[in-house]
Each structure stands twice: as structure tokens, then as C-alpha cells.
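Undergrad: Input: one structure, supplied below.
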Amino acid sequence: ISSAFWPSLSDDLPSMFNDEDKALLRKVFNPCLSDRREEGSRFVPPDPSFAYVQKLRALVEEEEAVQQRRMEHFFDKLFSQRCPGPLFPSSWASSVEISHGEAAGRQGAQLSARPHYVAQAHVLEEALQSALPVFDKSTEDGTRFRVYRLGSLEVRTTQEHDGLEAVGAVFSLSSTEPRRSEASVKDD
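Numbered according to the numbering used here, the sequence shown spans residues 83 to 270.
Quick look at the structure:
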């Protein structure tokens with residue numbers, strides 16, 4: 083059974099499943115979440131009954147809603163690399179935040195959204211290929227979340243397993259600390 087099942091989930095080959103069912107099964111058997119392929123000839127496909135498939139669909143939709151909220155939060159300027167919040171794995175939070183219960187934000191910088199850069203993401207792609215991310219974490223489903231700093235820009239990208247990296251948000255960084263000349267005037 084497994085010798086026919088797994089190839090039928092591939093995009094490249096004809097399938098015994100319609101497109102909707104194939105998409106559902108690919109999500110259920112995401113290789114980052116499921117080790118069922120390792121069962122080899124002992125693998126038994128899921129129950130094809132209508133009720134069971136509907137339960138699978140509901141669970142996958144629920145997971146997709148969480149993934150969408152993760153993306154929205156990550157692409158929001160309020161996202162903190164030090165304390166990403168409950169939508170992300172707890173291992174992402176720094177040990178200082180965990181031990182002290184602090185929610186430290188970005189110190190000394192204010193972010194301003196630059197949506198026009200997201201619309202022109204192809205311009206940033208070459209620079210991103212040679213840049214090292216300052217933040218690079220993965221969730222259990224294999225999605226990678228990255229933050230790059232390119233001069234005064236902060237670029238946030240995501241990449242699903244077996245997918246292309248996509249720019250989701252661009253911010254300009256501006257210092258919130260007063261300039262030295264302004265500080266000396268205020269101190270007097």
C-alpha cells in the first residue's frame with residue numbers, strides 16, 4: 083500500500099487523489115511533523131471515511147489558523163526577537179526573559195513599516211542572498227522565520243519547508259535615543 087500511497091502525494095506524478103484530498107494529505111504528512119514514511123511497508127493510510135476526513139480537515143484548518151496568526155505577529159512591528167510570545171515555540175525566548183519574566187523589546191530602535199519595499203521584494207532578494215540573518219528560527223512545521231538587517235532596513239522573511247524564502251515585512255530602523263547635541267541641550 084505504501085509503495086502506491088507516497089508517490090501519489092507528489093506534485094510530479096499522477097495521483098489516486100483529487101487535488102483537495104491530495105493537498106490535505108500533504109499537510110497531514112508534512113515530513114517535518116510526521117515520520118510515517120519511515121514505517122515503510124508497515125504503513126497503513128488513514129481511514130478514508132467521510133467522518134474521519136472531515137475531522138482531519140478541521141484539525142488542519144485549526145493549525146493553519148495558528149500558522150496565519152504566527153505570520154501576522156512575526157510581520158508586525160511589535161514582534162520581539164527576545165520574547166516572541168505564545169504563538170511561537172518557547173525555546174525561541176531568551177533564557178533571560180524566561181527566568182526574569184521580562185518582555186524586553188528592541189532597545190534603542192524604533193521601527194517604521196515600509197510596505198512599498200515588500201511590494202518591490204525582488205529588489206531585496208539579491209542583497210538577502212549574501213546577507214546573514216540576525217534571527218533564524220524554525221517552527222515544528224518546518225517554517226523558517228528570519229530577520230535580516232540591511233543598513234537601516236530590517237527585512238523579515240518566512241520560508242515553508244520545501245518552499246522559497248518570501249519577504250513579508252520591511253521596516254526602517256530609527257534610533258529612539260536622542261542625538262548627543264540634543265541630549266546636552268536638555269541636560270543643561
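Even glycine gets a Cβ: it sits at the ideal position worked out from N, Cα and C.
What alpha helix (DSSP H) runs, 4 residues minimum, are completely inside the stretch 154–237?
TA: 177–182, 197–201, 203–212
Undergrad: Note down, in chain order, each residue of its chain lying with its Cβ closer than 7 Å to the Cβ of residue 187, except the 5 sequence neighbours on either side.
TA: Here the model assigns residue 187 a pLDDT of 42, short of 50, so the residue's position is not dependable and the matter cannot be decided.
Undergrad: In terms of residue numbering, what span does the alpha helix (DSSP H) encompassing residue 103 cover?
TA: 101–110
Undergrad: So, for residue 138: in the same chain, excluding its five sequence neighbours on each side, which residues have a beta-carbon less than 8 Å away from its beta-carbon?
TA: Excluding sequence neighbours, residue 138 sits near 106, 110, 128.
Undergrad: Going by beta carbon distance, what residues of the same chain come within less than 7 Å of residue 208, once the five residues before and after it are set aside?
TA: none
Undergrad: What residues in its chain sit with their C-beta under 6 Å from that of residue 226, if we drop five residues either side in the sequence?
TA: The residues are 220, 241.
Undergrad: Would you mind working out which of 217, 255, 244 sits nearest residue 234, comparing C-alpha positions?
TA: 255
Undergrad: Do you know offhand how far residue 248's Cα is from residue 143's?
TA: CA-CA distance, residue 248 to residue 143, rounds to 22 Å.
Undergrad: Exposed or buried, what is residue 166 when buried is set at 16 or more other beta-carbons lying within 10 Å of its beta-carbon?
TA: buried
Undergrad: Quick one: what's got a C-beta closer than 7 Å to residue 194's C-beta in the same chain, skipping five residues either side?
TA: Once the five neighbours on either side are set aside, the close Cβ partners of residue 194 are 253, 254, 256.
Undergrad: Quick one: using the 10 Å Cβ neighbour count with 16 as the cut-off for buried, is residue 101 buried or exposed?
TA: exposed
Undergrad: If you count every other CB in all the chains shown that lies within 10 Å of the CB of residue 86, and 16 or more means buried, which is it?
TA: exposed
Undergrad: How is residue 84 classed by DSSP in three states: helix, strand or coil?
TA: DSSP, read as helix, strand or coil, puts residue 84 in helix.
Undergrad: Could you tell me if residue 236 is buried or exposed, where buried requires 16 or more neighbouring beta carbons within 10 angstroms of its beta carbon?
TA: Looking at its Cβ environment, which holds 16 or more other Cβ atoms inside 10 Å, residue 236 is buried.
Undergrad: Beta carbon of residue 223, beta carbon of residue 95: below 8 Å?
TA: Result no, Cβ atoms of residue 223 and residue 95 do not sit closer than 8 Å.
Undergrad: May I ask you to report which of helix, strand or coil DSSP gives residue 255?
TA: strand
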